[in-house]
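Just below is one structure, and these are the notes that go with it.
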Amino acid sequence: MFPKLEPLDEKPENCQTPNIVPTICLSDDDDDEVANPDALALVLVNPDETQVANLEYPLKRKYQARSGELVRVSNLDVEDEIAFRETVRKTRMIYDSLRICLMLEDEKRRVNVASANVGSPSMRLPKVRNDLRVATIMRDNDLWLNRDKRIVGPIPGVNIGDVFFFRMELCVLGIHGVPQAGIDFLPASMSPNKEPIATSVIVSGGYEDDEDSGDVIVYTGHGGQDKNSKLHVVDQKLEGGNLGMERSMHYGIEVRVIRGFKYRGGVSEKLYVYDGIYKVTDAWLEDGKSGFGVYKFKLVRMEGQPEMGSAMLKFAENIRENPMAARPVGYVSLDISMNKEHVPVFLFNDIDDNNEPVHYEYLARTAFPPFVYQPSGNGDSVGCFCVDVCGLDCACAKKNGGEFGYDKKGILVRGKPLIYECGPHCSCSSECCNRVTQKGVKNRFEVFRSLETGWGVRSLDLIQAGSFLCEYTGVVLTKDQAQVFTMNGEDTLVYPYRFGERWAEWGDLSQVDLSRVYPDYVPPSYFSIPPVEFAMDVSRMRNVACYMSHSPCPNVFVQLVLFDHGNVAFPRLMLFAMEDIPPLRELSLDYGAAGEWTEPLSICN
DNA sequence: GTTGTTTCATTGTC
DNA sequence: CGACAATGAAACAA
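In structure tokens:
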């Protein structure tokens, strides 16, 4: 009764994919398409260019409209990959930092309103959706990516398995440009041949007629639903995104697939995972479960892509529930920390018979020499006198420049040269939120053997950006001790100063103009500390951090923290997540220039 | 805790 | 160019 959709009679030809950024031809009368060599650069955010673009239309619209130009980005070299990845991550860091910033500012205002309205408790602030507000502010500051091109296929800098807590992030990055609809498509009005083209879909299981078996999805078109009941009340029509899907099938245009899940314990109730590109292989109209006509699209995952992120999430969940059943072989140890961490640290090797990490004594906390703990006499080791939970007048907050290092959920607000936590000298309770890193490891880590990097570390839990991971521990050596240690040639010491200043990237909102949102907003000012001059010996005692691999584009960074003594020359090296890290993805640190950290180097110069 | 209602931001169409 | 419908998620009220 329902006709199968027939493809248009004219078949496009010469639609091969050139290397860099081809324009996609949608009709056969247009055979002189030329790749624009400058188009690649346009994908990256370039403040100068976007400002120029805005000046052209300063009165017509507040922000640059989304482009109608379809492009593919392929065959990037390694340097381009890293550059795109950095851009994506920077954008995501701004999103997260701004969201936390708005949250903290709102809290301040709430306190102010409450104190100004003593006796009239009915006074309330309007409700806010910070996930949406952040996107608006970033859009007004030209910080959205990929608005000047519509990318077909993978988004440079976005990897399969990347996870997102907010749907709006997908808009900001250009992965899926519409904030609500499941199908994102180039509209007919902007299309060269006046046909809509679908570029991405979100599979959230919100449609009763969806079927999802991983590599093959039967996706239900949109429309026909009642506004309130969400039930199908009329037949769907072949228009908009539905027609776009059919046209993408016709032209063989790949479609990005993002899966959405309900997720507990995260910063949001939902989790989105980028699962790679699919091809639409079939489209038809049928009676849905409601009895009304629904369009169906068969999506088949393209070959040669890394394993699906959603499959990895599921696999990690299975390992957490029953490690042995999920992976029968490969466990060398079920806890190399020997109960020294609150959660066990697995040692996993299914490649060779190397079991080296079990031979080192596990050191959950760095051991400093006794003199570090002696009071200096200038009062810097005196704690705060807060009762129960610290407020903004806390002495430790003042040391941090008038704010706490973490939000209420323990997420690092912004990187600093040094963060002071409340410690044993403070009178506040152990529930004080300024005691994040001293509480130790919370994630289930696994040291694993890989062919590429030797030993590596990954987590079985999803790690939210800005979360504390673990300390980088070892036996501390002073400058003099380190020199003696390295005299006999081999230098296996770790030099903290070489980790660099990745912390400065976390929470950096200098690109955002907040004066319009908060006229009285004062950007934080940093204080500086002298360079860290001690070295760390990890040749006998170490912890999980020691096995993290080096990367020029790391997902973990070092933040210096003090809590059990006041000696700024001997801070603890605390590791935080630079981005949302999906389970089973390798953790990496920037140890400084590649390879350099293992070479002997005098630190007294 | 559950359910229904409203609201948020953006795009595309009329 | 302006109005408006469509859309998912979360805050909120019941």
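The first sequence: position 537 = 537 (UniProt numbering), numbered continuously. All residues carry an ideal CB built from backbone N, CA and C; glycine is no exception. All values reported here derive from a predicted model rather than from experimental measurement.
Each residue's CA atom was taken as its position, placing Glu-86 and Phe-570 some 31 Å apart.
When DSSP states are grouped into helix, strand and coil, Gly-241 belongs to the helix group.
Close CB contacts of Met-190 within its chain, under the 6 Å cut and outside five residues either way in sequence, are with Gly-68 (chain order).
Going by DSSP, Asp-480 is part of the alpha helix (DSSP H) stretching over 479-487.
When DSSP states are grouped into helix, strand and coil, Arg-99 belongs to the helix group. For Val-134, the enclosing alpha helix (DSSP H) has its first and last residue at 130-140. In the DSSP annotation of this structure, Arg-502 is not part of any alpha helix (DSSP H), being labelled neither H nor E. Considering only Leu-186, Met-312, Asn-349, the residue with the shortest C-alpha distance to Pro-328 is Asn-349. Comparing alpha carbon positions, the residue from Ser-248, Arg-498, Ile-336, Arg-150 closest to Asn-355 is Ile-336.
Just so you know, the alpha carbons of Lys-298 and Gly-182 end up roughly 15 Å apart.
Going by DSSP, Ser-310 is part of the alpha helix (DSSP H) stretching over 309-321. Taking all protein chains in view, the Cβ of Pro-154 is crowded by 16 or more other Cβ atoms within 10 Å, so the residue is classified as buried. Note that the C-beta distance between Leu-412 and Ile-529 is not below 8 Å. Boundaries cannot be given for Met-548, as no alpha helix (DSSP H) includes it and DSSP labels it neither H nor E. With the rule of 3 Cβ pairs closer than 8 Å, the stretch 103-110 does not count as touching the stretch 136-152.
Where Arg-516 is concerned, there is no enclosing alpha helix (DSSP H), because DSSP gives it neither an H nor an E. Under the 8 Å Cβ criterion, the stretch 513-527 does not count as touching the stretch 561-568, having fewer than three qualifying pairs. Going by C-alpha positions, Phe-315 is about 10 Å away from Pro-323. Leaving aside the five residues that flank Glu-431 on each side, the residues in its chain whose CB is nearer than 7 Å to its CB run, in chain order, Val-389. In the same chain as Asp-226, and ignoring 5 residues on each side of it, the C-beta atoms closer than 6 Å to its own belong to Val-233, in chain order.
Nearest neighbour of Trp-455 by Cα position, chosen from Tyr-95, Phe-534, Ala-545, Val-73, turns out to be Ala-545. Between Val-201 and Asp-212 a beta carbon distance of about 11 Å is seen, past the 8 Å cut, so the two are scored as non-contacting. Look at Thr-366 here: in three-state DSSP terms it is coil, with no helix or strand label. In this structure, Cys-396 places its C-beta atom within 8 Å of the C-beta atom of Glu-421.
DSSP lists no bridge partner for Phe-527. Within the model, the alpha-carbon separation for Asp-215 versus Met-302 is close to 8 Å.
Take Asp-235, set aside five residues on each side of it, and the residues of its chain with a beta-carbon closer than 7 Å to its own are Gly-224, Phe-292, Gly-293, in chain order. A direct Cα-to-Cα measurement between Leu-132 and Glu-269 gives close to 15 Å.
The three-state reading of DSSP puts Asp-80 in helix, counting H, G and I together. Under the DSSP assignment, Val-172 falls in the alpha helix (DSSP H) whose first and last residues are 167-173.
Contact between the stretch 241-256 and the stretch 267-281 is present: 3 or more CB-CB pairs across the two stretches fall below 8 Å. For Ala-397, the enclosing alpha helix (DSSP H) has its first and last residue at 395-399. For the UniProt domain "Pre-SET" (382-440), there is no continuous beta strand (DSSP E) assignment of 3+ residues that stays within its boundaries. DSSP assignment within the UniProt domain "YDG" (153-301) yields the following whole alpha helix (DSSP H) runs of 4 residues or more, N-terminal first: 167-173, 240-251.
Straight across, the Cα-Cα distance linking Asn-242 with Gly-221 is about 5 Å. Secondary structure at Phe-371: helix, using DSSP grouped into helix, strand and coil.
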